[in-house]
Amino acid sequence: MSPLTQAEPVSRPRVELQPLAYTMDQAALVCGRTKKQLYRDLAAGLLRTYKHGRRRMVTVEELQRHVARLAKGGTR
């Protein structure tokens with residue numbers, strides 16, 4: 157047999173992917189608020205989101221900014 161048929165499987169390093177944006181359900185879970193609260197904040201102009209197809213998404217940076225503002229005593 158040739159060495160190519162006897163080769164051991166190549167092990168690849170495991171890569172942990174970090175999301176760049178969350179759906180509103182995911183964002184609510186991650187930040188400990190309800191989806192309804194996030195939509196209220198969106199309507200009040202306190203949270204910026206974008207649409208991807210039919211899904212409303214919030215970037216990780218925007219969610220971190222929003223939570224930091226809330227932690228400092230912002231509204232709601």
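Mapping of the sequence shown onto this note's numbering: position 44 corresponds to residue 200, and the numbering continues sequentially without gaps. Beta carbons: idealized from backbone N, C-alpha and C, even for Gly. Quick caveat: nothing in here was measured; it's all calculated off a predicted structure.
Next item on the list: Name the one or two DSSP bridge partners that Thr215 has.
Entry: Ala177
Item checked: Contacts around Leu198, its chain only, beta-carbon distance under 7 angstroms, and the 5 residues preceding and following it disregarded -> Thr205
Item checked: For Thr179, the nearest candidate out of Leu202, Tyr195 and Ala224 (CA to CA) -> Tyr195
Note to self: Quick check on Lys228: does DSSP put it in helix, strand or coil?
What the structure shows: In the structure shown, Lys228 adopts coil according to DSSP, grouped into three states.
Checklist line | Beta carbon of Val223 nearer than 7 angstroms to that of Cys187 | finding: Taking 7 angstroms as the Cβ cut-off, Val223 and Cys187 qualify as a contacting pair.
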